[in-house]
């Protein structure tokens, strides 16, 4: 059995979508084939997120772990392992260690203990730390500057420096989360004694500014980056995320893995070439079947701003979509089959 713990990047957030499209419901029920939750009934379009997220779909305030049917952990089925997804979108280290969150009525560590008590656990995979750093909040603030046509960027206002200053504290929190998992598994039945613990990092959801396929312009709610691309960021903030923040988070998590004896899976380059608004990728059109276009589509969900607010949920923004989730699953499968390899490390792919 393979168990996933942690946050949205491993729960399967945004797995509802085969890429991105500006096609509306009126022009095409499935939005260019991207919406896996869409179906027709008596010629009327309906959207049921439970078709993808099951009973962890958003139903109201405080809900929505968004464990998708294509979540990364499902990639280990190809290795003969049954996947158990205990992760939850929005989770922080405290929700792994000792606090309940959303649909999880107790901590993820306690849920792991319950699974290990009755089943053999061969691998535990953890993705955590991004919400402790409030990465999504920072990206929203960066987008707000672009949407307001504010000439300042997060990079110019010191937002990046403030973010980086929080890394040491979050490194300690992630270390405690790993130690808690170790404690749980030491108390598990002997059949799980040989389990593997994998700590993974995050891909940059956006490319560097030189690879963005839409011009920067002067910003605002009607800019092409906003209404078409769903990536309302200044060039400086594309570079801040891709070139500085994602690599620093990756390095921090690598240190935790080394210090705690966990295996490390760098996801830094997992969506490289298919990031949001990246050159060489595309969105799906009205007559397209997006599910067949994985080689050319974006693998990251766009920001639901402007004209896109009606498609899905804000919490899906800037997360790997169904194509991206499958890519993460391939990365995990590769490491599982070849321990010590770096199958998704950007430096190993160049």
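In full-length UniProt numbering, the protein residues as written are 1 to 350. Glycine is no exception: its CB is placed at the ideal position from the N, C-alpha and C atoms. Please read all numbers here as calculations on a predicted model, not as lab measurements.
From residue 40 to residue 46, what distance separates their C-alpha atoms?
6 Å
Rounded to a whole number of angstroms, what is the C-alpha to C-alpha distance between residue 223 and residue 14?
Residue 223 and residue 14 have their C-alpha atoms roughly 24 Å apart.
Just to confirm before moving on: does the CB-CB distance between residue 30 and residue 19 stay below 8 Å?
No. Outside cutoff.
Taking 8 Å as the threshold, find out whether the stretch 188-201 comes into contact with the stretch 271-281 through three or more Cβ pairs.
A contact between stretches requires three or more CB pairs, one per stretch, nearer than 8 Å, and the stretch 188-201 fails this requirement with the stretch 271-281.
Can you grab the Cα-Cα spacing for the pair residue 319 / residue 301, in whole Å?
6 Å
Since residue 130 contacts residue 238 with CB under 8 Å, what's their CB separation in whole angstroms?
With a Cβ gap of about 18 Å, residue 130 and residue 238 do not count as contacting.
By Cβ distance, which residues of its chain are closer than 8 Å to residue 338, with the 5 residues on each side in sequence left out?
Excluding positions up to five away in sequence, the list is empty.
Going by beta carbon distance, what residues of the same chain come within less than 7 Å of residue 63, once the five residues before and after it are set aside?
102, 103
Since residue 35 sits in a beta bridge, which residues does DSSP pair it with?
17
Please go through the same chain and pick out, in chain order, the residues whose beta-carbon is closer than 6 Å to the beta-carbon of residue 2, but skip the five residues on each side of it.
73, 76, 81, 83, 123
What is the rounded straight-line gap between the Cα of residue 219 and the Cα of residue 143?
10 Å
Give every residue of the same chain whose Cβ lies closer than 8 Å to the Cβ of residue 361, excluding the five residues on either side of it in the sequence, and list them in chain order.
This structure does not reach residue 361, given that the chain is present from 1 up to 350, and the question cannot be answered.
Put residue 47 into one of helix, strand or coil per three-state DSSP.
strand
Would you kindly check if the distance between the Cβ of residue 71 and the Cβ of residue 4 is under 8 Å?
yes
Pull up the distance between the alpha-carbon of residue 199 and that of residue 17, whole angstroms please.
26 Å
Starting from the Cα of residue 50, find the closest Cα among 44, 42, 65, 43 and give me that residue.
When each option's Cα is compared against that of residue 50, the closest is 65.
Alpha carbon to alpha carbon, how far is residue 265 from residue 259? Give it in angstroms, no decimals.
14 Å
Considering only C-alpha positions, which residue in the set 119, 154, 327, 184 is nearest to residue 351?
Nothing about residue 351 can be read from this structure; the chain reaches only from 1 to 350.
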